[in-house]
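Let me begin by presenting the structure, written as C-alpha cells, before commenting on it.
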Amino acid sequence: MKKAVKRLLVLFLALTFIVTDLAVAPVTAQAAGTLKFHKSIALMKGEETGYVIINSVRSDKVLGLKSSNTSVVSVKKMPFLDDYTLTLKAKKTGTSIISFKVKRKNGKTYSFKSKVTVHNYSNPLNVCKFGRKDYKKSFDKKTMVPVAKGYSRKAKVCITAKKGYKIVAIYYSEHGTGRQRKIKNGSTVTLDGEHYLQILYKNTSKNYVSSVYLDGYSM
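Using mature numbering (1 follows the signal peptide of the UniProt record, and there is no 0), the letters of the sequence shown correspond one by one to residues -23 to -1, 1 to 196.
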C-alpha cells in the first residue's frame, strides 16, 4: 500500500507541466528562459496537484508563498528534479489567490499571483477506450484511473467528451520525469508502469480547463 501511495505522489508532482498555455521547457541554467507560472488554475475538490514554476532552478529562493483563502486551497513548495513545484491541495469549492516571489542568484526578484478556482468534479468523458475496454464509468468519482489487469498494455486510444465538455488535448506522459508528448485521438500507445495518459478537457459552460488521467500502473 505504501508503494502505491508513493507512486501516486510521483504522478501528482509530474502531471501538470502542461495546462492551458504553458509548455514544458528543459532547465539547465537560469539563462534557459524567463520564469513563468500559471495565471489561473482550475482544481477539483479533493485534488492535490503539483504545478511547476517554469524555468526555476535549485539556486532560486521561493519567498512569501501563501494562499489568500486556506480553507479553499493550501499550498506548499518543494524541489522536483531541477526546478521548484508548488503543491496545491483543493479543500472545498471557492476561489483563492496564490502569491509568491522568486529570488534568483543574481539578486533579481520576481512576483507572481495565480487565481485558483476549486470546482466540484463531474465526469467529462463519454468514451474512454484503451483497446477493447471502456473506462468511462471509472471516472464517475475519480480523476485518476489505473488500467485493468489482464488487458493488453499496447492498444489504441479512443476518447470523446460528454455534452458540455470538449477534449483539448491528450498527452502520453512518463512517470517521475515530467516528459510528455501530445498524441492524436486514435493513436496506439503502451501504458505500462512507466507511462500514463493526461486527458486535458474544457468545461464549456463554466469555461475552465482541467485533466483526468488513465494510468498504466495497476495496483
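Ideal placement from N, C-alpha and C gives every residue a C-beta, glycine not left out.
Per DSSP, the beta bridge partners of leucine 63 are Tyr28 and Lys54. As a beta-bridge residue in DSSP terms, leucine 20 pairs with Val95. Note that the segment 76 to 84 does not touch the segment 110 to 127; fewer than 3 beta-carbon pairs, one per stretch, sit closer than 8 Å. Burial of asparagine 32 is indicated by the presence of at least 16 other C-beta atoms within 10 angstroms of its C-beta. For valine 104, the enclosing beta strand (DSSP E) begins and ends at 102 to 107. In this structure proline 56 is exposed. Its beta-carbon is surrounded by fewer than 16 other beta-carbon atoms within 10 angstroms. Residue range 172 to 180 is occupied by the beta strand (DSSP E) that includes leucine 177. In the DSSP assignment, threonine 167 falls within the unbroken beta strand (DSSP E) covering 165 to 167.
Using a Cβ distance threshold of 8 Å, serine 115 and valine 104 do not count as a contacting pair.
Between the alpha carbons of phenylalanine 107 and lysine 131 lies a distance of about 9 Å.
Short of 8 Å from the beta carbon of asparagine 97, and not among the five residues preceding or following it, lie these beta carbons of its own chain, in chain order: Met21, Lys22 and Thr70.
Within the model, the alpha-carbon separation for tyrosine 87 versus leucine 40 is close to 10 Å.
In terms of Cα proximity to isoleucine 147, the closest of His15, Tyr190 and Val50 is Tyr190. The beta carbons of serine 48 and lysine 16 sit no closer together than 8 Å. Using a Cβ distance threshold of 8 Å, tyrosine 28 and threonine 72 do not count as a contacting pair.
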